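Quick note, the sequences are listed as chains A and B, same order. Take any residue in the first sequence, note its place counting from 1, add 88, and you have its number in the numbering used here. Take any residue in the second sequence, note its place counting from 1, add 6, and you have its number in the numbering used here.
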Amino acid sequence: MNFKSKKIDYSLALILTASIFMTTDGRTQEMDHSTMEEHGSSPSEKKPLMETPVNGEVVKPIDDMAVMRGEMIYKMSCFLCHGKNGEGDGPASRFIGPYSHPRPNRFTSGVFKFRSTESGELPMLKDLMRTIREGIPGYMPSFRNLGEDGIHAVASYIAKAFIREELPTSTTIKYVKHVGPYTYSAKSAWRGGILYNIMKCNECHGADGKGGRTDLKDERKILIHPVDLTRQETFGNGTRHEDIYRTIMTGLDGTPMPGYNDAFRGEEDSAWDLVHFILSLQGR
Amino acid sequence: MQNGLKVNTLTIHLIFFIMTGFIIPVFQPASVEAIPAFARKYDMSCTSCHTKPPRLNAFGEAFHMAGYQIPQTQEGELRKKRQIGRIHSETELMNIFAMRTTGNIAESVSGGKPPESNIAFPREIELYFAGSFTNNISYFFNLSHESRRISGLASDGHNHGHFEETSEFGLGKEFFLMFNLRPSDSEFSHKKMKGPMVMGPMIMVGKIDPSTNFSYSSNRQLILDSPGQVNRESGQMQRFTLSPYAFSAKFFGVQTGEGKAIEVTKAVLYNTTGSYGIDSHAMIGGLMLQAGLMQGILTNGSDVNEKKDPYLMARINFGGTHYFSGSVSGLVNWGNDTARVGTQLVDWFRYGFAGNIKYKLLDIYGAIIWDTLSGLSASDAAQFDDSAMGLTIEGDFLLTDYDLISLRYDHMDAGGYRHEKADGRVITLQLRRYFRDNFALFLKDSINVGRVSRNPLQNYRHLIAAGIDFDF
């Protein structure tokens, strides 16, 4: 059922690059390898460097009242694209992606692109809420004007009515905050550029990031184009620095875009190098 | 051709060749480009709301119904708006402004007399300003420049009337404010969960096209009208505009209240593409009810009719799973002393049905409309057929992400003066290629499958045209 992206072992490549830069940059030593990600309240003295914003935020649990309200919102708006039964077969859905990706998500399939959880896992409730709040440029409007309660309600309805499984409330992916040594520097972007090729991002996204491969198919066997990394307006999973970090770590399930969490385990700062390289492609 | 430049058939073929053979491979279709106002504002591609502009898909219809807002949200995107008290203002003009240029750029008529070819300038340039002031007041303003516009002149109603071709810049087809009397609010209670979901009532005031809520609306045509032709010296009609016959006037010799000729194929009454009036509509579950009053029957609202023309429309929406949606609508419309036959003011009664089915990438829609005139003078009654029927059915299908094929059938059992009326049967086949989400070239052939005669409704076999549809 779940489309599990292939996890590739990049440890060799990482060790290689790490050893190149270890000598020129003491930054990797600053990395905190403690396991704070389970609950972001560990009393570590290096708190400003590492945070677990994903697990730390509290989202209201799903309750019946929310589900009822969510159903009303869903049946006025969302069903037109996602279908009354959450099958992605709403009447407007085919026109959005006639013969190419994306089409409205099939919530019943359990395959979700926009998660902060590991590849192959269900999203957290807050992931659904983020997508609904921000929308998906090009394909789904932002529903921020439902208000946070409305957003919570409709996300709860999707979870209860269509996913029908307990959603995870934490993730094993380590979210390193974009502060201190993890902020942008030209050097970091340069390292990212090397990683981009070593990790074979270029095979799909092209040497210039503009999207090379034209033969890729998504989980539904529909043509999909790798995102043009030079154009942030085409990013579906958000364009903030931490959004791009999340995309790289989790991958986009149901598409060929793999998650690189395993490859970066313990080397999360290298993932930030990649983020910075992408930012540099966009002149940001 | 009056406004077009006259050229020979060879040039026309050259242009078709250039368009289809040369331009197509040069422009590679581009992917998602957020285009006109709403697409820019919500950061969405055109096809989120349209099958292909200007036809709406189910989501576009819901957006339209909710007063240019995303259903259930108070105003879909405040991110780019500044809020002054309860009024939002757009910080970016481009989020409310859009432009559309449409029309034939090459035409060829064959089988009639005389055969002709010409190149032309796109017929219509329209500017739109649309959005919402507050969560319950929306606006839609449209300015347009229309060339080769056919307007009726004062005449006795015989010999198909007298007309002139004009170019006009001014208020476009629609220009109105829309008030939602019951905006969706963020308060939620158990009480609201009881009974069917209600949207509206909405009130539209201004220059309106009430048929935007009909299952087949007049102003959302993927096959554009083929402009008619009048003789500039004599004002004689040489060929009527080819437009969806269902919505047309259908009576040969009928005039406005002022005594100006009405083109037989002009969309009138409820199905006008814009006239002054007031409209109210609401959704209760899957049922839409609409009622309103219009002034006169003409697009221009130039009519001096003291009485108003009321209409009632009911529409049922269905579908929502399996890529399927549809609707059926029923209409009654009473034109009160709204037109003239000879010296007599006549009542115009119109009723009809429309339907629409969308399944995956197929969109089929049609309308059948009957018209009856009453109150004719005794002398006219003998020589004037007071009832008429029009039928239009169209199917559109997306062959690829960028190619749309359309097929339309138009049928008219005309009314009017018996010695000059004629019936029409036309099949139109069209191919559109979208080089971008917002830029299409089309090639179409309208085939008169009925009789070819000297009558201006029938005097051609093929009407071939190539043109553009560009939205910005």
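Using N, Cα and C, we set each Cβ at its ideal position, and we do this for glycine too. Please read all numbers here as calculations on a predicted model, not as lab measurements.
Apply the 10 Å Cβ neighbour rule to S230(A) and answer buried if 16 or more other Cβ atoms are within range, or exposed otherwise. buried
In chain B, what lies closer than 7 angstroms to A180(A) by C-beta? N63, A64, F65
What would DSSP say about Y365(B), mapped onto helix, strand or coil? strand
Secondary structure at G176(B), three-state DSSP: helix, strand or coil? Strand.
Member of I284(B), T434(B), D429(B), S393(B) whose CA lies at the smallest distance from the CA of F185(B): I284(B)
Distance between R221(A) and A243(A) (C-alpha atoms, nearest Å): 10 angstroms
Can you give me the start and stop residues for the alpha helix (DSSP H) that V363(A) sits inside? 356-369
Select from M105(B), P60(B), Q75(B) the residue whose C-alpha is nearest the C-alpha of F478(B). M105(B)
Helix, strand or coil for D152(A) per DSSP? helix
Rounding to the nearest angstrom, what Cα-Cα distance links F441(B) and D475(B) in this structure? 11 angstroms
By how many angstroms is the C-alpha of M319(B) removed from the C-alpha of R431(B)? 27 angstroms
Whole-angstrom Cβ separation of E130(B) and E152(B), contact assumed at under 8 angstroms? 5 angstroms
Within its chain, find whatever has a CB closer than 6 angstroms to the CB of D369(B); leave out the 5 residues flanking it on each side and keep chain order. When the five nearest sequence neighbours on each side are left out, the beta carbons in the same chain lying within less than 6 angstroms of the beta carbon of D369(B) are those of T57, D402, in order along the chain.
Assigned secondary structure, I268(B) (DSSP; H/G/I helix, E/B strand, else coil): coil
D49(B) (DSSP reduced to helix, strand or coil): coil
Does DSSP put R232(A) in a helix, a strand or coil? helix
Delimiting residues of the alpha helix (DSSP H) encompassing E130(B): No alpha helix (DSSP H) holds E130(B); the beta strand (DSSP E) holding it covers 130-140.
Cβ distance (whole Å) where G280(A) is taken to contact L362(A) below 8 angstroms: 5 angstroms
Along the region 158-169 of chain A, where does the CB come closer than 8 angstroms to a CB of chain B? Name the residues. M160, I161, K163, M164, S165, F167, L168, C169
Chain B residues whose Cβ lies nearer than 7 angstroms to that of S273(A): Near S273(A) there are no residues of chain B at all, since even the closest Cβ is about 30 angstroms away, more than 7 angstroms.
Give the DSSP bridge partners of D407(B), in chain order. Paired residues: none, contrary to the question.
When you compare the CB of Y48(B) with every CB in chain A, is at least one pair closer than 8 angstroms? Y48(B) belongs to the set of residues whose beta carbon lies under 8 angstroms from a beta carbon in chain A.
Can you name, in chain order, every residue of its own chain whose Cβ lies under 6 angstroms from the Cβ of L149(B), other than the five neighbours on each side? L133, G178
Does any CB atom of chain A fall closer than 8 angstroms to the CB of L435(B)? Residue-level contact by beta carbon fails for L435(B) and chain A, as no gap is shorter than 8 angstroms.
Taking the straight line between their C-alpha atoms, what separation do you get for A345(B) and A446(B)? So the alpha carbons of these two residues sit roughly 39 angstroms apart.
Would you decide whether H168(B) is buried or exposed? Buried here means 16 or more other CB atoms lie within 10 Å of its CB. buried
Give the secondary structure of K213(B) by DSSP, where H, G and I count as helix, E and B as strand, and everything else as coil. strand
Which residues, in order along the region 326-351 of chain B, keep a beta-carbon less than 7 angstroms from a beta-carbon of chain A? G326, T327, H328, Y329, F330, S331
Please say whether Y272(A) and V264(A) have beta carbons closer to each other than 8 angstroms? no
Would you kindly work out how many angstroms separate the C-alpha atoms of I453(B) and L210(A), rounded to a whole number? 56 angstroms
Looking at the C-beta of P77(B), does it have a partner C-beta in chain A at a distance below 8 angstroms? yes
Best match in E113(B), I143(B), K450(B) for proximity to M208(B) [C-alpha to C-alpha]: I143(B)
Report the rounded CA-to-CA distance for D306(A) versus R191(A), giving the unit in angstroms. 10 angstroms
Could you confirm whether any beta carbon from chain A is found closer than 8 angstroms to the beta carbon of A68(B)? yes
Less than 7 angstroms between C-beta atoms, sequence neighbours within five positions excluded: which residues of the same chain meet that for H293(A)? G299, G300, P314, L317
Do G117(B) and H468(B) come within 8 angstroms of each other at the CB atom, strictly closer than that value? In this structure, H468(B) sits near G117(B), with a CB-CB distance shorter than 8 angstroms.
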